[in-house]
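Since the structure comes first, as structure tokens, the remarks are kept for the end.
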Amino acid sequence: MNQNEMRAYWMPFTSNRAFKSDPRVMVAAQGRYYTAADGRRIFDGLSGLWTCGLGHGRTEIVEAIGRQAGELDYSPAFNFAHPKAFQLAERITDFMPEGLTRVFFTGSGSEAVDTALKMARAYWRKRGQAGKTRLIGRIKGYHGVNFGGISVGGIVGNRMLYGQGIEADHLPHTLSTRNAFSRGQPAQGAVLADELLNLIALHDAANIAAVIVEPVAGSAGVIPPPQGYLARLREICTEHNILLIFDEVITGFGRMGANTGAEAFGVTPDLLTLAKQVTNGAVPMGAVVASDEIYQCFMDNSGAEHMIELPHGYTYSAHPLACAAGLATLELLERDGMVERVRSMAPVLEDAIHALRGTPLVSDIRNCGLAAALTLEPRGRDAVIRPYEVALKCWHKGFYVRNGGDTLQLGLPFTVEAAEIDAVVNAIGESVRELE
Ligand code: PXG
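In my numbering, the protein residues as written are 2 to 437.
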């Protein structure tokens with residue numbers, strides 16, 4: 002493509018200038034491989050953007066979307082519904098921990114996060130505790146890009162340009178050099194959850210609505226929770242009447258070798274956000290799953306029956322194409338035993354990625370389920386340049402891997418073979434050794 006053809010498209014989370022001088026364009030995808038514009042086959046080391054665990058172009062999903070487009074392309078989301086919205090909501094609850102039974106659809110992960118934050122504040126109002134508005138996130142957290150999400154988010158670069166957000170505090174992140182090169186959940190750090198007690202002391206729980214964390218921080222570079230950490234957060238939230246929200250946009254539907262991160266780590270939140278894998282990335286969709294108690298509180302405290310209990314929703318909430326894709330995706334996930342497959346392949350990834358320990362410039366390696374990341378040492382004051390260079394080198398070697406901050410990330414397709422794990426990890430190792 003020449004510069005003119007690339008002029009109008011302002012790309013998201015992309016260095017537009019660098020991209021346009023060396024474009025990386027995909028023209029097709031099947032299974033675990035993309036086809037690049039120059040005809041090369043590229044291994045999909047991040048399942049799209051953590052979206053396509055089942056691989057690309059799955060016939061059942063493609064056909065379900067096609068059928069749906071012909072039958073009912075759109076149905077108004079407000080005051081009306083279509084059958085697959087109910088079916089998918091029910092189906093999603095099959096994958097949720099006990100007690101999370103009510104599904105609110107959105108169009109993306111960012112929308113799911115802002116929906117969950119609004120639900121949390123509204124819930125306390127409905128309960129007559131209007132003072133409970135403060136929201137608490139975590140340093141290094143990523144909760145999408147809308148105003149609520151960036152406010153509770155803890156990746157400074159995503160917030161610094163945008164001025165005043167909404168009131169929020171941040172727990173410390175759990176990354177520690179003491180835990181460097183841990184396999185899976187690190188041993189040290191559960192005590193960091195107690196920082197929540199300091200925020201409660203500062204603001205008083207009467208002013209705090211919710212705490213939101215990713216069970217495993219994804220975008221910040223696959224940071225699994227220290228053993229006991231999430232359970233401790235749950236305990237403090239319960240004790241002080243604060244809602245706990247798990248942002249499972251990446252960890253939902255299999256990536257951790259369990260249906261959810263909540264299941265993987267044995268801790269149940271009050272609200273849980275989803276997106277990405279719910280439709281295998283084929284149609285945009287997100288969701289918030291709420292506890293029965295929260296749903297009932299809205300039903301019981303909203304006046305006459307014709308009154309709207311939650312004045313919130315999106316034109317594309319429960320979009321028929323997304324619901325069709327979601328039903329087909331969850332069917333395949335279950336039929337093909339994909340969650341069990343993630344569990345069985347996770348140790349293969351763990352061994353392969355940790356074999357890079359000792360490679361120059363690699364200062365940490367982390368993994369959990371079919372997700373893994375390396376941290377690379379900065380070049381001078383530039384912490385992001387080396388992962389960026391490695392991702393480019395990998396692309397030229399036929400592998401798509403993701404760079405983010407000072408990390409390189411892998412989110413392998415659930416269908417991945419051991420030989421592919423070796424190949425992509427070798428490509429990363431080789432590329433790191435080529436660095437200055
Ligand atoms: N929460 C979490 C935990 C996410 O990972 C979002 C919310 C926002 O979702 P939407 O659909 O609005 O993008 C995300 C998105 C990466 C990467 O490289 C991660 C995301 C998106 C793009 C890249 O880790 N996560």
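Idealized CB from N, CA, C, for every residue including glycine.
Are the region 337–355 and the region 420–430 touching by the rule of at least three beta carbon pairs closer than 8 Å?
yes
Bounding residues of the beta strand (DSSP E) (the contiguous stretch that carries Arg403)
403–405
How big is the Cα-Cα spacing for Ala276 and Val250?
5 Å
So within the region 281–361, which uninterrupted beta strand (DSSP E) runs reach at least 3 residues, ignoring any that extend past its ends?
287–292
Can you tell me where the alpha helix (DSSP H) holding Arg434 begins and where it ends?
419–435
According to the neighbour-count rule (16 or more other Cβ atoms, all chains shown, within 10 Å of its Cβ), is Arg122 buried or exposed?
buried
On a CA-only basis, which of Leu231, Gln165, Arg403 is nearest Ala263? Give me that one, please.
Leu231
Gly68 versus Gly327: straight-line alpha-carbon distance, rounded
Per the sequence presented here, residue 68 reads as Arg, with Gly not at that position. Taking the straight line joining both Cα atoms gives about 14 Å.
Say yes only if the C-beta of Ile137 is nearer than 6 Å to one or more non-hydrogen atoms of the ligand PXG, and no if none qualify.
no
Identified DSSP bridge partners for Gln410:
Ala374, Arg403
Where in the region 124–197 do unbroken runs of the beta strand (DSSP E), each at least 3 residues long, occur, reported from the N-terminal end onward?
135–139, 169–172
Based on the DSSP output, what are the partners of Gly32 in its beta bridges?
His57
Roughly how far, in whole angstroms, is the beta-carbon of Ile151 from the beta-carbon of Arg160, given that I think they are within contact range, below 8 Å?
5 Å
If you measure from the CB of Thr144, is any heavy atom of the ligand PXG nearer than 6 Å?
Per the sequence shown, the amino acid found at residue 144 is His instead of Thr. Yes, since a heavy atom of the ligand PXG falls inside the 6 Å radius drawn around the Cβ of His144.
Cβ separation of Leu357 and Leu375, assumed to be a contact under 8 Å, to the nearest whole Å
7 Å
Return the CA-CA distance between Asn281 and Phe106, expressed in angstroms with no decimal places.
16 Å
When you compare each of Ala283, Pro285, Met300, Val284 to Ala291 by their alpha carbons, which one comes out closest?
Met300
Straight-line gap, Ile66 to Asp352 (C-alpha atoms, nearest Å):
38 Å
By Cβ distance below 6 Å, which residues in the same chain neighbour Gly145 in space, the five residues on each side in sequence not counted?
Gly110, Ser111, Val114
Span of the alpha helix (DSSP H) holding Ile251?
Taken as a continuous stretch (DSSP letters only), Ile251 belongs to no alpha helix (DSSP H), as it is neither H nor E.
Within the present structure, is the beta-carbon of Gly54 separated from the nearest heavy atom of the ligand PXG by less than 6 Å?
no
Alpha carbon to alpha carbon, what distance is there between Glu431 and Arg412?
The question names Arg, yet the displayed sequence has Gly at residue 412. Straight-line Cα distance between these residues: approximately 19 Å.
How would you write the range of the alpha helix (DSSP H) that Asn17 sits in, first residue to last?
17–22
Selection from Gly258, Gly190, Thr134, Gly219 that minimises the alpha carbon distance to Ala207:
Thr134
Our contact map puts Leu118 next to Ala211 with C-beta atoms below 8 Å; I'd like the distance itself, whole angstroms only.
7 Å
From Met1 to Ala78, what distance separates their C-alpha atoms?
Residue numbering for the chain in the displayed model covers 2 to 437; residue 1 lies beyond these limits and cannot be assessed.
Could you give the first and the last residue of the continuous beta strand (DSSP E) run that contains Leu50?
Counting along the chain, Leu50 falls outside any beta strand (DSSP E), though it belongs to the alpha helix (DSSP H) covering 48–51.
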